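Novice: Count the sequence shown with the numbering used here and you get residues 52 to 833, in order.
The beta carbon of each residue, even a glycine, is placed where N, CA and C say it ideally should be.
Only a predicted model underlies this, so the values are computations on that prediction, with no experimental measurement involved.
Below: one structure in structure tokens.
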Amino acid sequence: MMMQNDSSDLAPTGPASIDPVCGMTVDPPKAAAVLHHEGDTYHFCSLGCRDRFAADPDAFLGEAPSGTPAASAPNGAVYTCPMHPEVKQVGPGSCPKCGMALEPESATEPPDDTELRDMRRRFIVATALAIPVVVLAMGDMLLPGSPIHDLVGAKVGGWLEFALTTLVVGYAGWPLLARGVQSIQRRSPNMFTLIAIGVGVAYVHSTLAVFAPGLFPDAFRDSAGNIGLYFEAASVIITLVLLGQVMELRARAETGSAIRALLDLAPKTARLVDESGERDVPLDSVEEGNQLRVRPGEKVPVDGRVLEGKSHVDESMVSGEPTPVEKSKGASVIGGTLNGKGSILMEATGVGEETLLARIVQMVASAQRSRAPVQNLVDRIAAVFVPGVVVTAVVAFIAWAALGPAPSLAYALLAFVSVLIIACPCALGLATPMSIMVSTGKGAQAGILFRNAEAIQNLRLVDTLVVDKTGTLTLGAPRFDQVVTVAGSDADTVLGLAAGLEQGSEHPLAQAIAEGARLRDVAPASVEDFESVTGKGVRGTSEGRRLALGNAALMADAGASLEALGHQADTLQDSGATVMYLAVDGALVGALSVADPIKDSTPDALDQLRQSGMRILMLTGDNERTARAVAKTLGIDEVFADALPEDKLKLVERLQSEGRKVAMAGDGVNDSPALAKANVGIAMGTGTDIAMESADVTLVRGDLGAIVHARRLSDLTMRNIKQNLVFAFGYNLAGVPLAAGVLYPWTGWLLSPMIAASAMSLSSVSVILNALRLRSASLKPS
């Protein structure tokens, strides 16, 4: 048997993507360790799993991985950790890194509250049992003059405390202790490591004190010769940790409320129309191409296009506009929107996970589980935090044992347990993920979709905004204006040739020309050999003639001179219209102008962005005159026109080389390279799919003003994370010295393990409540 340790990234084959020790799905490039064994490559979630496998590979081969409870997962659902999204497994379980309960990876999976119900039940049991333990242990302090101890007696009282605490530790606290043991086995220390050690030491010490008191030296005994019992500490610690788990799980469930609200927009059934008539069917049985009836007042079940009928549809959930949109034959409709008073027959074009609503939901869910760059710093701190706490606890124990008053070992044990419990890093682990989960949910409700947590962190740092013109500053729904011709050409002929060429294009300008020809009853010419020239226009042939329709660059390629039009085109461009030239067999025959109104919200949005100190540049493929006219109206001084996709990319790269943090806002295919390169790419939700795929942030409503709200949310989120980290570190910085007893020589203060557990729980509660404050925060600039 020959094994080789190798940290290189290897493609997974067979078992390589599954940790053979714990059963977790491991992303090979992010694997904590890689090991070769007998020709196979295995990837591991932690060094501990790697070492266990290396010690005895046969123990983990030839059987299903121990951490993959596939039988308990309905439909083989994949579960992942909200803090460590690279951790995945089939079915529920706990994360091998942080011990947190896993949750379904798919946003469309129904919420699983099994863990919450289990922890709540264990918390109730622990509370009911811990109360009498505390009364038995501290009855004289809690109830002065109480006859409890006289009636029960110290020995019987110890047995009762042992019995009750054993139920608390053995039943209620079992999942917590199991995770602690697993963290030690995997050499991946976390909050449960400290809890397991602290509770374990207190429980074992007290159990031995009850049943084998003779084992203890005098340093453990008080002046009366009694040995201190800490059953109440173990019971209360377990109870408070369970309370923290219940609150955390409930808070995590609340952060998913935005996703569930989105999912609830879709109806549960659809009315299918086929050769047998009309009938209601479950939504998940609808297939692409099915014909569906949407009756008055019903929600559109899936994405599609109208085949028959006419109605008005409320699309405010997507567009944010309260005015219903008219829908007739050929119009597209979006699943989850509300039909008005008309009845329409539609064809399903996007079902299941292909609908716009489903894609929005999945984007939000993915963003909630992504990691902000600041989390990397927290992880590095946490990696040394737990070992450092254990060392601190040991040092405190030794110091008390050597220097403390009698009974010195009893004091040393109290300090050891208190340090372990109060320094539990659960608040530190929650600080960033909780804020990110709440923030992405709030963003989704405001029509702002973050692709990942990195976009949330980076957006607030942006100092330069590069904006496309068409569809970003303007409505992106241009309207045909007029035709100007050279001498000897006919306007309808020019429009017909242009419309024939544009029938093969989906560009908004092309659709405007085609619609303009239809309204003027001009028949489109028959065009063959259609070719789209990115950033320039389109080409084709009609009845043997070579046609070219586009900007000045395309005319130069075709050898057509623009001088024949004189100043007519310049005049149109100076008014803000986009002008496209038409050449036939290399000779210019005319030009067509298309007007694209500026969005009502654009001027105010740009003003607010400028007030925040942002530099704004317009970058467009349109010609210089048109771009300057629009820029002048909006007060934009820096304009880059006639830009090809590679030009847009180069501008973003140049700005970044100058040290600028660049956001690019656009909506077209030609914007996608620049969107991907920018520090933050912002896509208009009304634009193309490829633009949204390339962007870090999608503005569902296509409103530039949402950038103002997105930046505000970014700032609020990072401020919230910093506050959470202050809470987490603040408790530890103040609590660990107190728990270690540094103030005892001057004040006589020594922290009880129960008080330490309360402080630890309070730190987690503070982080959770502070993160949830984001839900009610205003996104309007302060």
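1. Tell whether a beta-carbon distance below 9 Å holds between Val535 and Leu616.
2. Does the separation of the CB atoms of Val518 and Leu706 fall below 9 Å?
3. Which same chain residues, not among the five before or five after His94, have their C-beta less than 6 Å away from its C-beta?
4. On the three-state DSSP scale, how would you describe Gln140?
5. Output the distance between the C-alpha atoms of Arg168 and Met298, rounded to the nearest integer angstrom.
6. In this structure, how does DSSP classify Arg590 when only helix, strand and coil are distinguished?
7. Just to confirm the assignment, what range does the alpha helix (DSSP H) spanning Asp658 have?
8. So, is Pro575 buried or exposed, given that buried needs 16 or more other C-beta atoms within 10 angstroms?
9. Between Val345, Lys350, Asn674, which lies nearest to Leu358 when the distance is taken from Cα to Cα?
10. Beta-carbon within less than 7 Å of Ser379's beta-carbon, same chain only, minus the 5 sequence neighbours each way: which residues are those?
11. Please classify Ser58 as buried or exposed, where buried requires at least 16 neighbouring CB atoms within 10 angstroms.
12. May I have the straight-line CA-CA distance separating Glu582 from Gly588, to the nearest angstrom?
13. Can you tell me whether Lys148 is buried or exposed, with buried defined as 16 or more other CB within 10 angstroms of its CB?
14. Count Cβ pairs between the stretch 247-262 and the stretch 207-224 that sit closer than 8 Å; are there 3 or more?
15. From Ala822 to Arg770, what distance separates their C-alpha atoms?
16. Within 8 Å, do at least three Cβ pairs link the stretch 590-600 to the stretch 503-522?
17. Ignore the nearest five residues each way along the sequence and tell me which others in Ala124's own chain have a CB closer than 6 Å to its CB.
18. Alpha carbon to alpha carbon, what distance is there between Gly279 and Phe271?
19. Between Asn241, Phe174, Val185, which lies nearest to Trp225 when the distance is taken from Cα to Cα?
20. Hey, Pro724 and Leu685: beta-carbon distance below 9 Å or not?
21. Using 8 Å as the Cβ pair cut-off and three pairs as the minimum, do the stretch 747-755 and the stretch 445-461 touch?
22. Quick one, which of Asn241, Thr165, Asp673 has its alpha-carbon nearest Ala434's?
23. Whole angstroms is fine: what's the gap from Ala474's alpha carbon to Ile411's?
24. Check for me: the beta strand (DSSP E) holding Asp325 runs from which residue to which?
25. I need the straight-line Cα distance from Asp722 to Pro804, nearest angstrom please.
26. Using 8 Å for Cβ pairs, my map puts Ser652 next to Leu755. What's the rounded Cβ distance?
27. For Ala779, which residues from the same chain have a beta carbon less than 7 Å from its beta carbon, with the 5 sequence-adjacent residues on both sides left out?
28. Enumerate, from N- to C-terminal direction, the unbroken alpha helix (DSSP H) stretches of 4 or more residues contained entirely within the stretch 781-816.
29. Select from Leu668, Glu156, Gly498, Gly403 the residue whose C-alpha is nearest the C-alpha of Phe691.
30. Compare the Cα-Cα distances from Ala678 to each of Gln624, Ala399, Val731 and report the closest residue.
31. Report buried or exposed for Asn775, applying the criterion of at least 16 other Cβ atoms within 10 angstroms of its Cβ.
32. Whole beta strand (DSSP E) runs in the stretch 467-539 with 3 or more residues, listed along the chain?
33. Within a Cβ cutoff of 6 Å, which residues of the same chain sit near Ala646, ignoring the five residues on either side of it in sequence?
34. Starting from Ala611, follow the beta strand (DSSP E) in both directions and report where the run begins and ends.
35. Relative to the alpha-carbon of Val440, which residue among Ala466, Leu454, Leu552 has its alpha-carbon at the smallest distance?
36. Which same chain residues, not among the five before or five after Val573, have their C-beta less than 6 Å away from its C-beta?
Specialist: The relevant details are as follows:
1. Their beta carbons are under 9 Å apart, which means Val535 touches Leu616 by this criterion.
2. Contact flag unset, no.
3. Correct list, in chain order: Ala67, Val77, Pro79, Ala82, Val85.
4. Gln140 falls in the strand class under three-state DSSP.
5. Inter-residue distance for Arg168 and Met298 is about 12 Å (C-alpha atoms, whole angstroms).
6. Residue state, collapsed to three classes: strand.
7. 653-662 is the extent of the alpha helix (DSSP H) around Asp658.
8. Buried.
9. Nearest to Leu358 by C-alpha distance, out of Val345, Lys350, Asn674, is Val345.
10. Result list for Ser379: Val357, Lys361, in chain order.
11. In this prediction, Ser58 scores a pLDDT of 34, lower than 50, which makes its location untrustworthy; no coordinate-derived value is stated.
12. Computed Cα separation, rounded: 9 Å.
13. Under a 10 Å Cβ-count criterion, Lys148 is classified as buried, with 16 or more other Cβ atoms of the shown protein chains found around its own Cβ.
14. These segments touch.
15. Rounded to whole angstroms, Ala822 to Arg770 spans 10 Å at the Cα level.
16. Judged by pairs of C-beta atoms under 8 Å, the stretch 503-522 does not touch the stretch 590-600, as fewer than three such pairs exist.
17. For Ala124, the pLDDT reaches just 43, beneath the cut-off of 50, and the residue's location in the model is therefore unreliable, leaving the point undetermined.
18. Taking C-alpha positions only, Phe271 is separated from Gly279 by approximately 7 Å.
19. With distances taken between Cα atoms, Trp225 lies closest to Phe174.
20. Result no, Cβ atoms of Pro724 and Leu685 do not sit closer than 9 Å.
21. Segments in contact, no.
22. When each option's Cα is compared against that of Ala434, the closest is Asn241.
23. The alpha-carbon separation between Ala474 and Ile411 amounts to approximately 39 Å.
24. Boundaries of the beta strand (DSSP E) around Asp325: 320-325.
25. If you take the alpha carbons of Asp722 and Pro804, they lie about 59 Å apart.
26. Sure, about 6 Å apart at Cβ, within 8 Å.
27. The answer, listed in chain order, is Ala478, Leu479, Ala482, Ser814, Val818.
28. Complete alpha helix (DSSP H) runs here, min 4: 795-798.
29. Nearest to Phe691 by C-alpha distance, out of Leu668, Glu156, Gly498, Gly403, is Leu668.
30. Measuring from the Cα of Ala678, the nearest candidate turns out to be Gln624.
31. Label assigned to Asn775: buried.
32. Annotation note: the stretch 467-539 contains the following uninterrupted beta strand (DSSP E) runs of length 3 or greater, listed N- to C-terminal: 499-501, 515-518, 530-536.
33. Closer than 6 Å at the Cβ level, and outside the excluded window around Ala646, lie Arg530, Asp532, Ala628.
34. Where Ala611 is concerned, there is no enclosing beta strand (DSSP E), given that its DSSP letter is neither H nor E.
35. If we check each option's Cα against that of Val440, Ala466 comes out closest.
36. So the qualifying residues of the chain are Asp543, Leu546, Gly547.
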